[in-house]
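Notes follow the structure.
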Amino acid sequence: LAMHYTADTTLAFSSVAHTCRNVQYGWLIRNLHANGASFFFICIYLHIGRGFYYGSYLYKETWNTGVILLLTLMATAFVGYVLPWGQMSFWGATVITNLFSAIPYIGQTLVEWAWGGFSVDNPTLTRFFALHFLLPFMIAGLTLIHLTFLHESGSNNPLGIVSNCDKIPFHPYFTLKDILGFMLMLLPLTTLALFSPNLLGDPENFTPANPLVTPPHIKPEWYFLFAYAILRSIPNKLGGVLALAASVLILFLTPFLHKAKQRAMTFRPLSQLLFWILVANLFIL
16 LAMHYTADTT LAFSSVAHTC RNVQYGWLIR NLHANGASFF FICIYLHIGR
66 GFYYGSYLYK ETWNTGVILL LTLMATAFVG YVLPWGQMSF WGATVITNLF
116 SAIPYIGQTL VEWAWGGFSV DNPTLTRFFA LHFLLPFMIA GLTLIHLTFL
166 HESGSNNPLG IVSNCDKIPF HPYFTLKDIL GFMLMLLPLT TLALFSPNLL
216 GDPENFTPAN PLVTPPHIKP EWYFLFAYAI LRSIPNKLGG VLALAASVLI
266 LFLTPFLHKA KQRAMTFRPL SQLLFWILVA NLFIL
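Number 20 in the numbering used here belongs to position 5 of the sequence shown; there are no gaps in the numbering.
Now the structure itself:
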């Protein structure tokens, strides 16, 4: 994709169209890339939910590196969404970067520094492309740290019993087991990317970016909706920004909030109730 993409405000939109029309299987690569992000977020959210349910956050270092990973991933997805330079790309970038101006005293300076000017423009697009290329490598590096911390203790299991008997060679046992999960995710991903690739996207993004026309409804992709809904539900700018940040950063607090005698929620119906209320709440948002 990077070989055929041009990080320039006049060319970005048409370069993406060119990729889809004229590059061998460019349409397929782009659709898998765009929808693959959605499936990545599905997997990540399931992974975090699983961590909540089974008390995995008690491995503090593993959990905290995981939260940092999530933040990096969210940043990557955000800068990537801006690259096609459609209406929603441009206005999404404008709205989200503008939030930093709510920071007292240094806010405005910070935003203009991030933009590289007085509005979202060519310098912004160029640096976002660079970031979208670099951050995934940072994610890969952090993943290794994440795993190193997990390796210190070994992993928990649903029954919470000693799992030394599971210490069998990774290949062929775990590789084969993991292929099942991989196929179960790959099948719906390819189905989505081939049958309805634009189902999760915003139709506004088929219109090239125009700084003079604001779309009637500015909203992010589904995986950021919970945070965006929280932001929009608070009438105060700084308050909204703080709530948005807190909606993700609250994950850092979970290891300190664990007061139960058992680790997992398997035998804690009240905690289960709260957990599923949280899940339902995220779905509603």
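All C-beta atoms, glycine included, are put in the ideal place defined by N, C-alpha and C.
Nonlocal neighbours in the same chain, by C-beta distance under 7 Å from residue i, ignoring five residues either side
i, result
"residue 111", "93"
"residue 235", "107, 243"
"residue 96", "104, 107, 236"
"residue 42", "35"
"residue 200", "54, 58"
"residue 230", "102, 103, 106, 219"
6 Å CB neighbourhood of residue i in its chain, flanking five on each side removed
i, result
"residue 74", "168"
"residue 223", "28"
"residue 297", "241"
Collapsed DSSP secondary structure at residue i in the structure displayed
i, result
"residue 270", "helix"
"residue 81", "helix"
"residue 138", "helix"
"residue 223", "strand"
"residue 216", "coil"
"residue 122", "helix"
"residue 175", "coil"
"residue 254", "helix"
"residue 64", "helix"
"residue 101", "strand"
"residue 249", "coil"
"residue 20", "coil"
"residue 55", "helix"
"residue 234", "coil"
"residue 182", "coil"
Closest Cα partner of residue i within the set the options
i, options, result
"residue 219", "233, 138, 281, 207", "233"
"residue 159", "299, 140, 83, 125", "83"
"residue 48", "221, 91, 37, 67", "91"
"residue 248", "238, 123, 259", "259"
Proximity test, residue i beta-carbon vs the ligand COA heavy atom, cut-off 7 Å
i, result
"residue 44", "Absence of the ligand COA is noted for the structure shown, with no ligands found whatsoever."
Contact set for residue i: own chain, Cβ-Cβ below 8 Å, skip 5 residues either direction
i, result
"residue 173", "69, 279, 281"
"residue 214", "207"
Residue environment, residue i, which counts as buried when at least 16 other CB atoms sit within 10 Å
i, result
"residue 250", "exposed"
"residue 25", "exposed"
"residue 22", "buried"
"residue 289", "exposed"
"residue 228", "exposed"
"residue 181", "exposed"
"residue 45", "buried"
Contact under 8 Å by Cβ, residue i with residue j
i, j, result
"residue 125", "residue 133", "no"
"residue 204", "residue 154", "no"
"residue 157", "residue 77", "no"
"residue 266", "residue 255", "no"
"residue 188", "residue 98", "no"
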